[in-house]
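Colleague: In the numbering used here, the protein residues as written are -14 to 161. The beta carbon of each residue, even a glycine, is placed where N, CA and C say it ideally should be. Note that this is a predicted model, so its numbers are computed, not measured. I'd like to ask you about the structure that follows.
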């Protein structure tokens, strides 16, 4: 390893110009004002998409923050939609199997598993399956699992639909 490589500064996790806003969102979440935090995250995301472009790393990370805040605010359908958008954005600038693409795809699935309204689950599930197919393919276990749940939700068996609409998964464990 060269001496120059040892002296280069380590990049900050959050760019300095964004740190106060991210900290404000974090404090708002910790104070239990989750809808307010979601609004602030959406504003930040919109501003970064406008100023830097929707596929800029800052804009994509801001989308991830919006999805996180939406999940905490009890809006899993919105969280799923935003996570799908973030994953699709990452997929446009990175390889499909890159960790950012896979992580946001996983986050979208986790959020979707907490959607309990039939229409929301059907709408977001369809977009999620398209994302899963583009990232992992048709035969991947995650794709098949989401397809099975979606078919149960949208099928004619009311008991199976009600059972499938029970919230489950890791997104229920997310805390601010």
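Pull up the distance between the alpha-carbon of residue 102 and that of residue 27, whole angstroms please.
Modeller: The alpha-carbon atoms of residue 102 and residue 27 are separated by roughly 23 Å.
Colleague: Assign residue 134 to one of two classes, buried (16 or more other C-beta atoms within 10 Å of its C-beta) or exposed (fewer than that).
Modeller: It counts as buried.
Colleague: Does the beta-carbon of residue 142 have 16 or more other beta-carbons within 10 angstroms, so that it is buried, or is it exposed?
Modeller: So residue 142 counts as exposed.
Colleague: Compare the beta carbon distance of residue 178 and residue 23 with 7 Å and say whether it is the shorter of the two.
Modeller: What is shown of the chain runs -14 to 161, which leaves residue 178 out entirely.
Colleague: If we call anything under 7 Å between Cβ atoms a contact, is residue 64 one with residue 56?
Modeller: In contact: residue 64 and residue 56 (Cβ atoms closer than 7 Å).
Colleague: May I have a chain-ordered list of the alpha helix (DSSP H) segments no shorter than 4 residues that lie completely inside the segment 29 to 110?
Modeller: Whole alpha helix (DSSP H) segments, 4+ residues: 42 to 57, 61 to 78 and 84 to 97.
Colleague: Can you tell me where the alpha helix (DSSP H) with residue 124 in it begins and where it stops?
Modeller: Looking at the DSSP string, residue 124 is not in any alpha helix (DSSP H), and its letter there is neither H nor E.
Colleague: Please classify residue 3: does DSSP put it in a helix, a strand, or coil?
Modeller: Residue 3 falls in the coil class under three-state DSSP.
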